[in-house]
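Encoded as structure tokens, the structure appears first; notes follow it.
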Amino acid sequence: MTAQPADAREDLRFPDLADPRTFIDVDLPAMWRELRAEAPVHWNPPAEDRPGFWAISRYDDVLAVYKDNKRFTSEKGNVLSTLLQGGDSAGGKMLAVTDGLRHRETRKLMLKSFSPRVLEHVGQLVRRRTQQLITDVVARREADFATDVADHIPINTIGDLMDIPVADRGKLVEWNNRTLSRYDEDDSQVEEWLARNEILLYFGELAKQRRKSPGEDVISALATGLVDGEPLSEDEIVFNCYSLVLGADESSRMSSIGALIAFTEHPDQWRALKNGEVSLADATEEVLRWTTPAMHFGRRALEDVPLGGEVIRAGDVVTLWNSSANFDDDAFPDAQRFDLGRKPNRHVAFGHGPHYCIGAFLGRAHVSAVLEALRDQVAEIELRGEPRRLYSNFVYGYVGLPVALTAER
Numbered sequence: 320m321t322a323q324p325a326d327a328r329e330d331l332r333f334p335d336l337a338d339p340r341t342f343i344d345v346d347l348p349a350m351w352r353e354l355r356a357e358a359p360v361h362w363n364p365p366a367e368d369r370p371g372f373w374a375i376s377r378y379d380d381v382l383a384v385y386k387d388n389k390r391f392t393s394e395k396g397n398v399l400s401t402l403l404q405g406g407d408s409a410g411g412k413m414l415a416v417t418d419g420l421r422h423r424e425t426r427k428l429m430l431k432s433f434s435p436r437v438l439e440h441v442g443q444l445v446r447r448r449t450q451q452l453i454t455d456v457v458a459r460r461e462a463d464f465a466t467d468v469a470d471h472i473p474i475n476t477i478g479d480l481m482d483i484p485v486a487d488r489g490k491l492v493e494w495n496n497r498t499l500s501r502y503d504e505d506d507s508q509v510e511e512w513l514a515r516n517e518i519l520l521y522f523g524e525l526a527k528q529r530r531k532s533p534g535e536d537v538i539s540a541l542a543t544g545l546v547d548g549e550p551l552s553e554d555e556i557v558f559n560c561y562s563l564v565l566g567a568d569e570s571s572r573m574s575s576i577g578a579l580i581a582f583t584e585h586p587d588q589w590r591a592l593k594n595g596e597v598s599l600a601d602a603t604e605e606v607l608r609w610t611t612p613a614m615h616f617g618r619r620a621l622e623d624v625p626l627g628g629e630v631i632r633a634g635d636v637v638t639l640w641n642s643s644a645n646f647d648d649d650a651f652p653d654a655q656r657f658d659l660g661r662k663p664n665r666h667v668a669f670g671h672g673p674h675y676c677i678g679a680f681l682g683r684a685h686v687s688a689v690l691e692a693l694r695d696q697v698a699e700i701e702l703r704g705e706p707r708r709l710y711s712n713f714v715y716g717y718v719g720l721p722v723a724l725t726a727e728r
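Under this note's numbering, the first residue of the sequence shown carries the number 320, and numbering increases by one thereafter.
Here it is, written out as structure tokens:
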């Protein structure tokens, strides 16, 4: 277990960032504002069951660490749940937790399935599906936007790219919700572990089938492709399938749900979208910044690194808080204002640097399709109950959102 660095300031003013309850009970904008001002490189003290870690909250510092893959590694984990356990079983096997040449070559292999022709077709399918989902919900008037709309969009897109049978996609969403987040604090970590294993076992079976009978999908590319002249191991294939589903599903679902909440709280921005005062592209970027579903990503220091008046020691866990960086007024003037026309908008909702999210295009396509369908078909949005939050120190978002959508005349 990592001990507290000798020169770190003992600072117990701030809530424990490893505790999922913090992200439900605390005034988060105020907490991040104070951290950026008073302790931008903050030592989160150890607890009985876990080591301490560094929390980086300023935009410029977050970007600097994201870009520095020489002094910081992802291979020991890239989120608190694995970093604080001492490592990730997928390290060196899954794109998100692989560095160097292996990372670059595996990424190149996976991107072959993301050709412009494929992505254009995927974009058309996303818009068509989303328009139909909104049509159905508007006809019913009342619905749960999370389960009736948002849950169906990303999983079907990535399902098409990976050629996942339609009948299996619902259970993948269910398992996904439990891997890096819980529905509430009564759910156990054992359930998270079991859900993760279900996904890995599922993709193991699909990979075996694709080796025998490959298609043009991502799983086939992984199952039959070569990196450095050698085929990928079964672990590499399965872990990268898992990573694709997890990344493509969580972020865009949570951003889409968060967009509806934001529109009810900021009716002027809803009108700006409806009236065509802002482009879909700009609105999409602001929704992603405003919602920031992946609150943090993490690294482990490979050597001593001075940063923000502190010294991060070799071996220390470092967490990069996107949910703070995206609201840093030095990078985003009037950052607490939801502004669909914001320019520039260089947010870090998908990370930054060598590990920039491989599915960022899909995430943008999903959110844009939701905004377009809402703009075209919905006149008014009304919440019909309390949004139901995820219990997580990684994913910020909702699993339930009762709404009434009034049809556009």
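Note that beta-carbon positions come from the ideal geometry of N, C-alpha and C, so glycine has one too. Computed from a predicted structure; not experimentally measured.
Asked	Found
Check for me: the beta strand (DSSP E) holding Glu-729 runs from which residue to which?	The structure shown has nothing for residue 729, since the chain only spans 320 to 728.
Pro-739 to Glu-629, Cα distance in whole Å?	This structure gives no information on residue 739, because the portion of the chain shown stretches from 320 to 728.
Can you tell which of Val-667, Val-697, Asp-635 and Phe-646 has its C-alpha closest to the C-alpha of Asn-363?	Asp-635
Taking contact to mean at least 3 C-beta pairs separated by less than 8 Å, is the segment 618-627 in contact with the segment 584-599?	no
Looking at C-alpha atoms only, which residue of His-361, Ile-580 and Ile-483 is the closest neighbour of Gly-523?	Ile-483
Check for me: the alpha helix (DSSP H) holding Leu-709 runs from which residue to which?	Where Leu-709 is concerned, there is no enclosing alpha helix (DSSP H), given that its DSSP letter is neither H nor E.
So the candidates are Glu-424, Leu-690, Thr-401 and Gly-411; which of them puts its Cα closest to the Cα of Asp-547?	Glu-424
Between the segment 446-464 and the segment 489-496, are three or more C-beta pairs nearer than 8 Å?	no
How would you call Asn-516, buried or exposed, if buried means at least 16 neighbouring beta carbons within 10 angstroms?	exposed
Since Leu-702 contacts Pro-721 with CB under 8 Å, what's their CB separation in whole angstroms?	7 Å
Just to confirm, are Met-481 and Val-445 a CB contact at a threshold of 8 Å?	no
For Asp-463, which residues does DSSP report across the bridge?	Pro-721
Let me make sure I understand the geometry here. Which of Gly-442, Ile-518, Ala-692 and Asp-379 has the alpha-carbon closest to that of Asp-554?	Ile-518
Beta-carbon separation of Arg-728 and Ala-692 under 8 Å?	no
Where does the unbroken beta strand (DSSP E) through Val-637 begin, and where does it stop?	636-640
May I ask which residues mark the beginning and end of the alpha helix (DSSP H) holding Gly-682?	679-696
Can the beta-carbon of Ala-526 be found less than 8 Å from the beta-carbon of Val-557?	yes
What is the rounded straight-line gap between the Cα of Leu-681 and the Cα of Thr-476?	8 Å
For Phe-646, which residues in the same chain have their Cβ closer than 7 Å to its Cβ, ignoring the five residues on either side in sequence?	Pro-348, Trp-351, Ala-654 and Gln-655
Would you kindly report the start and end of the unbroken beta strand (DSSP E) that includes Arg-619?	615-620
Kindly list the residues whose CB is nearer than 6 Å to the CB of Ile-453, restricted to its own chain and excluding five residues on each side of it in sequence; keep chain order.	Ala-692 and Gln-696
So, Ser-376 versus Ala-644, is the Cβ gap smaller than 8 Å?	yes
Out of Phe-433, Arg-665, Met-573 and Pro-706, point me to the one whose CA is closest to Ala-469's CA.	Met-573
In its own chain, which residues sit with a C-beta less than 6 Å from the C-beta of Arg-590, not counting the 5 before and 5 after it?	none
Tell me Arg-369's beta-bridge partners as DSSP assigns them.	Ala-366
Could you name the residues of the same chain whose beta carbon sits closer than 6 Å to that of Asp-344, not counting the 5 residues immediately before and after it, in chain order?	none
What's the C-alpha gap between Glu-353 and Arg-332?	10 Å
I need the DSSP call for Pro-339, collapsed to helix, strand or coil.	coil
Please name the residue, chosen from Arg-708, Glu-605, Ile-700 and Val-637, that lies closest to Phe-657 on a Cα-to-Cα basis.	Glu-605
Output needed for Arg-501: all residues of its chain with C-beta closer than 6 Å, excluding positions within five of it in sequence on either side, in chain order.	Unreliable positioning characterises Arg-501 in this predicted model, as indicated by a pLDDT of 49, which lies under 50. The coordinate reading is nonetheless provided below. The residues are Tyr-710.
Run through the segment 515-558 for me and flag every whole alpha helix (DSSP H) of 4 or more residues, listed as ranges in chain order.	537-543
Quick check on the burial criterion: 16 or more other C-beta atoms within 10 angstroms. Buried or exposed for His-671?	buried
For the segment 406-422 against the segment 431-450, do three or more pairs of beta-carbon atoms, one drawn from each stretch, fall closer than 8 Å, so that the two count as touching?	no
Looking only at its own chain, which residues have a Cβ that is under 6 Å from the Cβ of Gly-478, when we skip the five neighbours before and after it?	Arg-488
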